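Asks:
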Amino acid sequence: MGIESHNGTTSTAGGPASGSALSNIQISQIVLELIIAVIAVLGNSLTIAAVLLDRSMRRPTNYLVASLAATDLLVGMVAIPLSLTAGDGFPRNNFLGCLTVNSLIVSFTQVSIFGLLAISLERFVAVRFPLRYRLLCDSRCVAVTVVMTWSCGAAVGFVPLMGWNLGPPSDGFCSFASVIDMKYMVYFIFFGCLLVPLLAVVCVYSYIFKVLMQRRSSRSSNAQSESADERRAARSLALVVLLFAACWVPLNVLNCLSLLCGSRCSFPYELLVFAILLSHANSAVNPFVYAFTNTQFRKAYRRLLLCHRCRDVSPLHTVAQA
1008 MGIESHNGTT STAGGPASGS ALSNIQISQI VLELIIAVIA VLGNSLTIAA VLLDRSMRRP
1068 TNYLVASLAA TDLLVGMVAI PLSLTAGDGF PRNNFLGCLT VNSLIVSFTQ VSIFGLLAIS
1128 LERFVAVRFP LRYRLLCDSR CVAVTVVMTW SCGAAVGFVP LMGWNLGPPS DGFCSFASVI
1188 DMKYMVYFIF FGCLLVPLLA VVCVYSYIFK VLMQRRSSRS SNAQSESADE RRAARSLALV
1248 VLLFAACWVP LNVLNCLSLL CGSRCSFPYE LLVFAILLSH ANSAVNPFVY AFTNTQFRKA
1308 YRRLLLCHRC RDVSPLHTVA QA
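In this note's numbering, the protein residues as written are 1008 to 1329.
(1) Using 8 Å as the threshold, is the C-beta distance between Tyr1297 and Ser1243 below it?
(2) May I have the straight-line CA-CA distance separating Thr1302 from Met1064, to the nearest angstrom?
(3) What whole-angstrom Cβ distance do Cys1144 and Val1132 have, given they're in contact under 8 Å?
(4) Look at Cys1210 and Phe1097 and say whether their C-beta atoms are less than 8 Å apart.
(5) If I measure Cβ to Cβ from Leu1089 and keep anything under 7 Å in the same chain, skipping five residues before and after, which residues do I get?
(6) If contact is defined by three or more beta carbon pairs under 8 Å, each pair taking one atom from either stretch, is the region 1246-1265 in contact with the region 1154-1171?
(7) Would you call Ala1086 buried or exposed, if buried means 16 or more other Cβ atoms sit within 10 Å of its Cβ?
(8) State the DSSP-derived secondary structure class of Gly1170, mapped to helix, strand or coil.
(9) Report buried or exposed for Met1220, applying the criterion of at least 16 other Cβ atoms within 10 angstroms of its Cβ.
(10) Buried or exposed for Pro1137, please, with buried defined as at least 16 other CB atoms from any protein chain shown within 10 angstroms of its CB.
(11) Under 7 Å Cβ to Cβ from Leu1311, same chain only, skipping five residues before and after it: list those, please.
(12) Enumerate, from N- to C-terminal direction, the unbroken beta strand (DSSP E) stretches of 3 or more residues contained entirely within the region 1235-1266.
(13) Does the region 1271-1290 come close enough to the region 1158-1168 to have 3 or more Cβ pairs within less than 8 Å?
(14) Within the region 1127-1185, note down every full alpha helix (DSSP H) run reaching 4 residues or more, in order along the chain.
(15) From Val1186 to Pro1175, what does the alpha carbon distance come to, in whole angstroms?
(16) What is the residue span of the alpha helix (DSSP H) that Asn1293 lies within?
(17) Just to confirm, is the Cβ distance from Ile1034 to Leu1071 under 8 Å?
(18) For Arg1271, count neighbouring Cβ atoms within 10 angstroms of its own Cβ and tell me buried if that reaches 16, exposed if not.
(19) Cutting at 7 Å between CB atoms, please list the residues of its own chain near Leu1091, excluding the five before and the five after it.
(20) Mapping the DSSP letters down to three states, classify Ala1024 as helix, strand or coil.
(21) Report the residue from Gly1083, Met1189, Asn1069 whose alpha carbon sits nearest the alpha carbon of Cys1268.
(22) Between Ser1177 and Lys1217, what straight-line distance do the alpha-carbon atoms span, to the nearest angstrom?
(23) So is Ser1018 buried or exposed if we call it buried at 16+ other beta carbons inside 10 Å?
(24) Nearest by alpha-carbon distance to Pro1067: which of Met1084, Val1149, Ala1044 is it?
(25) Would you tell me roughly how many angstroms separate the C-alpha atoms of Arg1135 and Glu1237, rounded to the nearest one?
(26) Check for me: the alpha helix (DSSP H) holding Asn1069 runs from which residue to which?
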């Protein structure tokens, strides 16, 4: 059976051929993708609004969280619709357009992982250098960090446009695996630009938890209160990182197996679809994490949904203090 490509991985199981009637699994995938997209757009819009519409939420950590939410928002608005069209072979007979669409999808993932790394480093500075935190993490620093996060993510994702690609497909049919080199996806993206930042984030949060546990034994009640706030914030953000890894690693493992095994590996089509849906679902889960782990964010979401005016929203604590 031929290789079937879907949003960044290949399967020797082979989905329905182009032009044939949609199978039940394809219809289910489209419906679930659209549900994920709607949840991602609504949930992340609420997160961004909670940060921008309340003055007390305008803190370094929250701006970085809003940047991460903006990435997930664009996944729902842009990446998922593009992946559905690319999965059906569009744009056809347009190599540059096909390459741009698939590179854009990769870029959003990279912006997300770099955003998670930026948040972990900001938390590291807050814990390691509390007295110099305001000086080191001012508004200018945050703005530069956000710009660098998006710029680096875009640069990594658009490497195929700079020449690292498979060239125009002979049949003009646009698919991820027909234009994107799996060596680029596995060696450069997965090993270099996803696993390395994830390991760095794990190391940073491990250090943060170690320091916070040491502070727990402090005799000062104020220090204990601040330490408890930092621990809750660290747990919330660490959960975001854990969910990112859980959602994206399976798809990248399939990429690795596809590259290393080639035609010897046969993946069930349903497994491939599940891995793709799981990766996209990551863009919809973070607002739920904030809602369930942060009381103030939960209240902010409720008030925004009830259409209260911004000035009526009670003062909220930053996610870093929840």
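For glycine and all other residues, C-beta sits at the position ideal for the given N, C-alpha and C. Computed from a predicted model, the values in this text were never measured in an experiment.
Replies: On the basis of the coordinates in this document:
(1) yes
(2) Taking the CA atoms as reference points, Thr1302 sits about 13 Å from Met1064.
(3) Contact between Cys1144 and Val1132 holds: CB atoms are separated by about 6 Å, below the 8 Å threshold.
(4) no
(5) Val1108, Leu1111, Ile1112
(6) Flag = no, the region 1154-1171 and the region 1246-1265 do not touch.
(7) buried
(8) coil
(9) exposed
(10) exposed
(11) Around Leu1311: Leu1053, Ala1056, Ala1057.
(12) none
(13) no
(14) Taken in chain order, the unbroken stretches of alpha helix (DSSP H) that lie wholly in the region 1127-1185 and span 4 residues or more are 1140-1143, 1146-1164.
(15) For Val1186 and Pro1175, the distance between alpha carbons rounds to 7 Å.
(16) Here the alpha helix (DSSP H) through Asn1293 covers 1276-1300.
(17) no
(18) Around the beta carbon of Arg1271, fewer than 16 other beta carbons lie within 10 angstroms, which makes this residue exposed.
(19) Ile1037, Glu1040
(20) Caution is warranted here: a pLDDT of 46 is assigned to Ala1024, below 50, making its placement in the model unreliable, and no coordinate value can be reported.
(21) Comparing Cα-Cα distances from Cys1268 to each of Gly1083, Met1189, Asn1069, the minimum goes to Met1189.
(22) 55 Å
(23) Only weak support is given to the placement of Ser1018: the predicted model assigns it a pLDDT of 41, under 50, and the value that follows is read from those uncertain coordinates. Under this definition Ser1018 is a buried residue.
(24) For Pro1067, the closest C-alpha among the options Met1084, Val1149, Ala1044 is that of Val1149.
(25) Answer to the nearest angstrom: the Cα atoms are 12 Å apart.
(26) 1067-1081
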